[in-house]
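Numbered by the working numbering, the letters in the sequence shown go through residues 3 to 444 in order. Note that beta-carbon positions come from the ideal geometry of N, C-alpha and C, so glycine has one too. Remarks on the structure that follows.
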Amino acid sequence: MNHKPIEGFSKLPKQGKIDWLVNEYLEGNQEYQNILKQYWNEDADLQKLHEEFSENTISNFYMPYGIAPNFLIDGKLLALPMAVEESSVVAAASKAAKFWIDKGGFKTTIINTEKLGHTHFIFNVESHKLLHFFNFSLKKKLLEATEDITANMRKRGGGILNISLVDKTAEMPNYYQLKASFDTVDSMGANFINSCLEQFGKTLRQEVATSEDFTQDEKNSLQIVMNILSNFTPDCIVRAEVSCKMEDLKDDSGISPEEFASKFKQAVTIAEIEPYRATTHNKGVMNGVDAVVIATGNDFRATEACAHAYAARDGKYRSLTHCTTDNGVFRFWIDLPISVGVVGGLTNLHPLVKFSLALLGKPSAQELMSILAVSGLAQNFAALRSLVTTGIQKGHMKMHLLNILNQLGATEEEKQHFVTYFKDKTVSHHEVINEFNRMRGN
């Protein structure tokens, strides 16, 4: 090995962790220590709060926190907070919001809010015997055993919605599930769901052990493999849509509304049938979704996993968005499965998360679902609008221009020159370098 393993890294103080990393991996270069420290917050208490969000924290990693204004959602005008580093995401969302604001804005519908979790277990027993045991004894015992855990959630209108036994023995020998659905109201609910499921596992073991329905060999065969929520929530889903008369699709690209609608629908259809395109298409959707998910302190990895699983739910990966152009009406929508919360986790701790939720009017979890679906739909609309008219690079590279100039060490005056220079040109890395060298006389 080229470096020495370390014991007890997590027990070192923050400075000790930094010293070890810099000396072991970065040749003792003090510049790297300075990079880490310049991102510490000057408020020691706030810095300590951030450090306690995760383990082995040595600094903060900043992302741009931008605002996309003019989102008319179900009759309310909102400005969306977006934490994202990719050039043009905030600009594209803002442009789409502005396009739809005088056409009725975005409409949303909460289709369902059920979340799921499973106790996965192995049991060498005849399926009909286990089903009888579940229906006439176990299900009631599971609900009784979790009454203390669910008490507060039930007071808020949520709790366990249903428990079912799932026979998976055709796919894996002796494999069964206790599948439970939950309503977690305004929380994402991961800890609540997992606590319920872990109790299911304990109760299942206890009830099998004392049951007269099974032989001792059958009892001995029971293995509780794991108790865990599922991030695939196809029954926690929201629809966001926009629509207008075809003639209202006026665009400054020079093509007619009818041609725009036709090309736009073709682009969506391609993403519905071609997985290579659908992957990039849905990545664009998630540009909009994840930026708001992060800004509101929610789990973007869970959001991503769920969306992509849903996109492949029929065995082929497809577009999350859909489009029709029937009877002279253009309609564009998304059905997005998404599980988020506005209480618990970072929502009560991270100052910028508090700011984001206040900016959005302190939404309920369902209202936040709607906002996230709208953000994804807007981002996708903006991307497709560019693709079928001017091309994606014109707008994207203009936003990327400052990144290139910062890499070159351009002055503020030089940056302003380039903004003017590319006002009526398509930005390319090669052209920026050429013009920069010409200006510097290289």
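Item to complete: Return helix, strand or coil for serine 213, following the three-state DSSP convention.
Response: Reduced to three states, the DSSP call for serine 213 is coil.
Worksheet item: Is threonine 327 closer than 7 Å to lysine 267 when the C-beta atoms are compared?
Response: Yes, these two residues count as a Cβ contact at 7 Å.
Worksheet item: Among Ser213, Ser90, Gly378, Thr121, which one has its Cα closest to the Cα of phenylalanine 168?
Response: The question names phenylalanine, but residue 168 is valine in the sequence shown. Valine 168 has its Cα closest to that of Thr121, out of Ser213, Ser90, Gly378, Thr121.
Worksheet item: Is the Cβ of glycine 299 closer than 7 Å to any Cβ of chain B?
Response: Given the protein chain composition of this structure (a single chain), no chain B is represented.
Discussion item. What does the alpha-carbon distance come out to for the pair glycine 317 and proline 277?
Written reply: Rounded to the nearest angstrom, the two C-alpha atoms are 11 Å apart.
Discussion item. Helix, strand or coil, according to DSSP, for methionine 3 in the structure here?
Written reply: In the three-state DSSP reduction, methionine 3 falls in the coil class, being neither helix nor strand.
Item to complete: In angstroms with no decimal places, state the Cα-to-Cα distance between proline 71 and lysine 131.
Response: Between the alpha carbons of proline 71 and lysine 131 lies a gap of roughly 59 Å.
Worksheet item: Which class does phenylalanine 101 belong to by DSSP, given the choice of helix, strand or coil?
Response: Taken through DSSP and simplified to helix, strand or coil, phenylalanine 101 comes out as helix.
Worksheet item: According to the neighbour-count rule (16 or more other Cβ atoms, all chains shown, within 10 Å of its Cβ), is tyrosine 178 buried or exposed?
Response: Counting Cβ neighbours within 10 Å, tyrosine 178 comes out buried, since at least 16 surround it.
Discussion item. Measuring CB atoms only, is the stretch 225-244 touching the stretch 373-381, in the sense that at least three cross pairs come out at less than 8 Å?
Written reply: Contact holds: three or more Cβ-Cβ distances are below 8 Å.
Worksheet item: Does the stretch 32-41 come close enough to the stretch 49-68 that 3 or more CB-CB pairs lie under 8 Å?
Response: A contact between stretches requires three or more CB pairs, one per stretch, nearer than 8 Å, and the stretch 49-68 meets this requirement with the stretch 32-41.
Worksheet entry | Proximity to valine 345 [Cα-Cα], best of Asp301, Gly330, Leu379 | When each option's Cα is compared against that of valine 345, the closest is Asp301.
Discussion item. Quick check on DSSP: helix, strand or coil for glycine 443?
Written reply: Note: glycine 443 maps to coil in three-state DSSP.
Discussion item. Give me, in chain order, the residues of the same chain whose beta-carbon lies closer than 6 Å to that of threonine 349; leave out the 5 immediate sequence neighbours on both sides.
Written reply: Cβ neighbours of threonine 349 beyond the five flanking positions: Gly299, Val355.
Discussion item. Please identify the residue among Ala85, Leu404, Ser255, Ala297 whose C-alpha is closest to the C-alpha of valine 390.
Written reply: Its Cα nearest to that of valine 390, the residue Ser255 stands out among Ala85, Leu404, Ser255, Ala297.
Item to complete: Would you mind reading off the limits of the beta strand (DSSP E) that contains alanine 182?
Response: Start and end: 177-185.
Worksheet item: So the beta strand (DSSP E) glycine 68 belongs to, where does it begin and stop?
Response: 67-75 is the span of the beta strand (DSSP E), which, as asked, contains glycine 68.
Worksheet item: Taking DSSP as the reference, what is the three-state secondary structure of serine 223?
Response: It is helical.
Worksheet item: What's the C-alpha gap between tyrosine 67 and asparagine 196?
Response: Those two C-alpha atoms are separated by around 32 Å.
Worksheet item: Would you report the Cα separation of histidine 5 and asparagine 31, rounded to the nearest angstrom?
Response: C-alpha of histidine 5 to C-alpha of asparagine 31: approximately 16 Å in a straight line.
Worksheet item: Quick one: Cα of threonine 186 to Cα of glutamine 418, how far?
Response: Straight-line Cα distance between these residues: approximately 51 Å.
Item to complete: Take every Cβ of the stretch 79-98, pair it with every Cβ of the stretch 283-294, and state whether three or more of those distances are shorter than 8 Å.
Response: Contact between the stretch 79-98 and the stretch 283-294 is present, because at least three Cβ pairs lie under 8 Å.
Fill in: Spatial distance of leucine 48 from lysine 16 (CA atoms)
When the Cα atoms are used, leucine 48 and lysine 16 turn out to be separated by approximately 15 Å.
Practice prompt. Can you grab the Cα-Cα spacing for the pair glutamate 220 / isoleucine 162, in whole Å?
Written response: Going by the C-alpha atoms only, they are around 29 Å apart.
Discussion item. Excluding the 5 residues flanking arginine 333 on each side, which residues of the same chain have their C-beta closer than 8 Å to its C-beta?
Written reply: A distance below 8 Å between beta-carbons, with the five flanking residues on each side excluded, links arginine 333 to the following residues of its chain, in chain order: Glu243, Val244, Ser245, Cys325, Thr326, Thr327.
Worksheet item: DSSP state of phenylalanine 332, grouped into three classes?
Response: Strand at phenylalanine 332.
Worksheet item: Which residue spans inside the stretch 29-53 form an unbroken alpha helix (DSSP H) run of at least 4?
Response: The qualifying runs are 32-39, 46-53.
Discussion item. Let me check one thing: in DSSP terms, what residues is serine 245 bridge-paired to?
Written reply: Note: serine 245 sits in a beta bridge opposite Arg333.
Worksheet entry | Inter-residue spacing [alpha-carbon to alpha-carbon] between asparagine 229 and serine 183 | If I take the Cα positions, the gap works out to 14 Å.
Discussion item. Relative to the C-alpha of serine 213, which candidate in Ile20, Phe135, Leu231 has its C-alpha closest?
Written reply: Closest option to serine 213, Cα to Cα, is Phe135.
Worksheet item: How would you call glutamine 208, buried or exposed, if buried means at least 16 neighbouring beta carbons within 10 angstroms?
Response: Around the CB of glutamine 208, fewer than 16 other CB atoms lie within 10 Å, so the residue is classed as exposed.
Worksheet item: Considering only the beta carbon of each residue, do alanine 269 and tyrosine 319 sit closer than 7 Å?
Response: The answer is no: Cβ separation not under 7 Å.
Fill in: Identified DSSP bridge partners for proline 236
Beta-bridge pairing links proline 236 to no other residue.
Fill in: Beta-carbon separation (whole angstroms), lysine 304 vs serine 258, contact threshold 8 Å
Sequence check: residue 304 is alanine here, not lysine. Between alanine 304 and serine 258, the beta carbon gap of about 42 Å keeps them out of contact (Cβ cut-off 8 Å).
Item to complete: Please work out which residues of its chain come closer than 8 Å, Cβ to Cβ, to asparagine 193, disregarding the five sequence neighbours upstream and downstream, and give them in chain order.
Response: Within the same chain, Cβ atoms closer than 8 Å to the Cβ of asparagine 193 are found at Gly346, the five residues on either side in sequence being excluded.
Discussion item. So if DSSP puts aspartate 169 in a beta bridge, which residue, or which two residues, is it bridged to?
Written reply: Tyr178.
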